[in-house]
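Reviewing the structure listed below.
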Amino acid sequence: MENAWLIPLFPLISFLILLLFGKRLKEASAYVGILLTLASLIYSILVLFERFSEPTYVTKFDWLTIGDFHLTAGFEVNQLNALMLFIVSLVSFLVHTYSKGYMHGDERFHVFYAYLGLFTFAMLGLVISPNLLQTYIFWELVGVGSFLLIGFYFYKEEAKAAAKKAFIMTRIGDVGLFIGMALLFWQTKSFEYSDIFAAVDAGQVSGTMITLTAILIFIGAVGKSGQFPLHTWLPDAMEGPTPVSALIHAATMVAAGVYLVASLFPLFSASHTALMTVAVIGGFTAIFAASIGLVQTDIKRVLAYSTVSQLGYMMLALGSAGYVAGVFHLMTHAFFKALLFLAAGSVIHAVHTQDIEEMGGLWKKLKLTGPLFLIGTLAISGVPLLSGFFSKDEILAAAWEGGHPVLFVLALVAAFFTAFYMFRLFFMVFTGEARGNQKHVHESPSVMTFPMIILGVLAVVAGYVNTPWFGTFLGDWLVDGNEALAAHGHHEGPVWIMILATVVSLLGIYLAWLIYGKRSVSRNWLSGSGDMLHTVLLNKYYVDEFYQLTIVAITKGISYFLRFIDTFLVEGIVKGITGFVQGLGATGSKMQSGQVQTYGAVAFIGLALLAVIYALTGGYLR
Amino acid sequence: MSSVPASAFLALALILFCIGLYGALTKRNTVIVLISIELMLNAVNINLVTFSKYGMAPSITGQIFALFAISVAAAEAAVGLAILIALYRTKKTVNIDEMDTMKN
Amino acid sequence: MTFSGEFLAFMGLALVAIIGGVLLLNLTRVVHMVVALIFTFVAIAGIYVLLSAEFVAAVQILIYSGAITIIMLFGIMLTRHNDESESKAGKWRKFLLFLGILGFAIAVYLGIYNFNIDQVPTTLHENNTMQIGQALYSKHIIPFELVSVLLLVALVGSIVLAKKEDKEADKE
């Protein structure tokens, strides 16, 4: 565990190697990336198992010393970090493997792997940071990695725009995080998590300040995790290659926001208002994104909105003081959402389109992808015995126990929506007759199916680490030795919640089956009854347009105004000054005729003038 | 004693100096400019020799100084002319206003 | 002030010197200018005699009227000498320069016109050359040797400068 710092180093080495020798290695770059992330994965597993038996390991060294203040850097392996290390390195390894098939033949194959390495390094570095400052550094690095990967197809206008949007939107959140961080530092004189928590416990920080900093930091999480109102970048980010979507926008980066809130949970739990904000934003995002997901026709966009919705779920859980529930769902979601994305990538790889209207009847053609996708769909819908069921149940229980009946209902409705749109997606893609051009449909190579199988297995079994039936191992472990979290451990929800959740999701599946599977209900049943509603949903509640009309327009207006000032006022002054200097210089250089006689004449006239003045005013005449 | 006051010699030297100066700063031919400079040196020599006789402490040193000045002037004239010839070879002119390489 | 022979001689020599200088400024042909200057140089030699500096006077005639003038004439002949030697420089510059020189002359003249110090009898005119020789070889021996070095350097330098470049020489 002492050498946990090596884990992020492997992908960094991969990045550096590929940066230097990528062009020569070409497709062999994949092996570099896969092997080094495998090393990370093995190490993370070792660390995770070690962590079961040993206490938290922290090491720091002084990085900067300013007066009495020591800025430290180092790493920490606590339960949450070890778990995150495992999740990130696993998903990263699988995505590395998967990409070898998916990206095959791409001209910038090695660049893709280099970026993957950079991103993985940043993400792994993020999850072992022991202090806020280090977290922030890696947080931004993660943003850079995501920017590069989303904009990987930079020759596509949409990809370029999406990359910019992702960067700017998350940046808005980062500003919040930064201010929150600065305020915390001002209050507690430290960036260390442990010091901050101690200060909060000891009541050194006023209640208002805790609420303020917590909410500001939460804004950072909102940006990164695609929560409302900064969620719009995440669906657009689907312009990146699909493995990237699986890695960044399902399992790791978007989970960073949740991770941040989780790792600062003692801070949040000290303020009721902050927790409430987290819960409300999370709950609203969950149902908001789920409702948009109902009508989208792009396979990746549906998954993206589903991700936003699920992240909302996690936030809701954390906000309802369900620390274990949130982290648990983070883990299971990483597995089944990565599975879904990879399966979707496999489908796209096979039919070369992302529009589900052009798919259909792929069940027989994609013998492996189909069942795996089904597993993912079942898991996310919360069908009993799969991982999603347990974690979702945990969240619902947390919401109920947390005393937010409204949020509980919201979560329930969101669960219904989730089940409905996921199965809508499944039925549209895999059942019925083929729509669109599907001549060369073939199953993906084994290098792509292998990671999906692993994730499929995990999507099924991952839930059993924390169940009401076989013990709550994960929950106990996560809060072990941490009194601040112990109160927010596993919630033993009433049985009726579990039954209700199951019924709701099954209802959603049944409805989807009626409409898209059996087609006994017209597809227009929903859109017909609420044409307006359908349009609104299809346009994602016009949030993008709203931003375009308000913030973007205002910013543009201000920019135009400032540009006007710049061109006419500032530049005018500048031009005046430069013109004056230039004129002076021109006159001066004209006088520099290069003729010795002129120079001599001028010099002598000066001397003569001095002599005359001297003679007239006295001097030696007196 | 001498019937010519020292100031007369000095005035003569001043006039010759001014003529030389005017020539050096206005003439176009570089040879004439060089000669004008010689004239200025001569005016200085007159001063030196005058003070060697009419100074506060008359002594032979003034004349010796004049001799040194003459030899340096001779050297200067030779080098100056050599430079002029080298210049003429490259620029095909001896007009001082066409020699403006300092400008660039 | 009496019209002694010395005074007359001074006036005559000064007049010749000044006329030579003025001719230098006003003649148009370059050769004529140099010839006009020879008069000035010779007249200055006469002035030296009046100032009891016979040796300097002889040197003046040898070096200036002889060597330097001949060098200058060579220079003129080696270059295009029939160009008009009038500067193109504007009349403004000439005028300003003239004013400046006039001002300078007046300012200096104010300083010297009543310059009069007690004249001390000197023995400069007795064995003038011997005195100079003794002073040169005793008191001023180091500057004297340095001047010889200077002249050598000037000699070598002028030869190097005036010599045609090797490449050009090869071409021809």
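If you read the protein sequences in the order shown, they are chains A, B and C.
1 is the number of the first residue of the first sequence in this note's numbering; add one for each residue after it.
1001 is the number of the first residue of the second sequence in this note's numbering; add one for each residue after it.
2001 is the number of the first residue of the third sequence in this note's numbering; add one for each residue after it.
C-beta: ideal position from N, C-alpha, C; glycine also.
Check	Outcome
7 Å CB neighbourhood of phenylalanine 408 of chain A in its chain, flanking five on each side removed	Leu396, Ala399 and Trp400
N-terminal and C-terminal residue of the alpha helix (DSSP H) that lysine 1091 of chain B is part of	1061-1091
Alpha-carbon to alpha-carbon, valine 2153 of chain C and serine 2065 of chain C	23 Å
Beta-carbon neighbours of tyrosine 614 of chain A, restricted to chain C and to distances below 8 Å	Ala2107
The stretch 245-261 of chain A touching the stretch 85-98 of chain A, judged by at least three CB pairs closer than 8 Å	yes
Cβ pair count under 8 Å reaching 3, the stretch 2105-2117 of chain C against the stretch 2030-2037 of chain C	no
Helix, strand or coil at phenylalanine 2115 of chain C [DSSP, three-state]	coil
Inter-residue spacing [alpha-carbon to alpha-carbon] between isoleucine 2159 of chain C and glycine 583 of chain A	46 Å
CB contact check: valine 1049 of chain B to chain C, cutoff 7 Å	yes
At least three beta-carbon pairs within less than 8 Å, the stretch 111-124 of chain A to the stretch 161-174 of chain A	no
Separation of leucine 1081 of chain B from leucine 2073 of chain C, as counted between CA atoms	10 Å
Touch test, the stretch 311-329 of chain A against the stretch 440-447 of chain A, Cβ-Cβ under 8 Å, three pairs minimum	no
Environment of valine 406 of chain A [buried if 16+ CB atoms lie within 10 Å]	exposed
Local Cβ density within 10 Å of phenylalanine 15 of chain A, reported as buried at 16 or more and exposed below that	buried
Within-7 Å CB hit, alanine 611 of chain A to chain B	no
Interfacial residues, the stretch 597-609 of chain A to chain C, with Cβ spacing under 8 Å	Gln597, Thr598, Ala601, Phe604, Ile605, Leu607, Ala608 and Leu609
Bridge-paired residues (DSSP) for tyrosine 57 of chain A	A/Val77
Simplified DSSP assignment, three categories, for phenylalanine 564 of chain A	helix
Cβ pair isoleucine 2068 of chain C, glutamate 1038 of chain B closer than 7 Å	yes
Where the alpha helix (DSSP H) containing asparagine 1042 of chain B begins and where it ends	1030-1054
Chain A residues whose Cβ lies nearer than 7 Å to that of isoleucine 1060 of chain B	Here the premise fails: no neighbours, minimum Cβ distance about 28 Å.
Closer than 9 Å at the beta carbon, the chain C residues around valine 1044 of chain B	None at all; the shortest Cβ gap to chain C is about 11 Å.
Short Cβ contact (7 Å threshold) for alanine 379 of chain A with leucine 372 of chain A	no
Bridge partner(s) assigned by DSSP for phenylalanine 69 of chain A	A/Ile66
Helix, strand or coil at leucine 549 of chain A [DSSP, three-state]	helix
CA-to-CA distance, leucine 562 of chain A to leucine 455 of chain A, given in whole angstroms	52 Å
Span separating the alpha-carbon of leucine 1014 of chain B from that of phenylalanine 2144 of chain C	28 Å
Interface residues of chain C facing methionine 1056 of chain B [CB-CB closer than 9 Å]	Ile2117, Asp2118 and Val2120
Contact with chain B by threonine 2079 of chain C, beta-carbon distance below 7 Å	yes
Test: leucine 1039 of chain B CB closer than 7 Å to a CB of chain A	no
Aspartate 1097 of chain B in three-state terms, based on DSSP	helix
Inter-residue Cα distance where the pair is leucine 247 of chain A and threonine 502 of chain A	29 Å
Span of the alpha helix (DSSP H) around alanine 198 of chain A	193-201
Chain-order list of residues whose beta-carbon lies under 7 Å from that of glycine 517 of chain A (same chain, five-residue window excluded)	Phe427 and Thr431
Residues of the stretch 2025-2053 of chain C whose Cβ lies closer than 9 Å to any Cβ of chain B, in chain order	Leu2025, Val2030, Met2033, Val2034, Leu2037, Thr2040, Phe2041, Ile2044, Ile2047, Tyr2048, Leu2050, Leu2051, Ser2052 and Ala2053
Neighbour flag for valine 1094 of chain B against chain A, beta carbons, 7 Å	no
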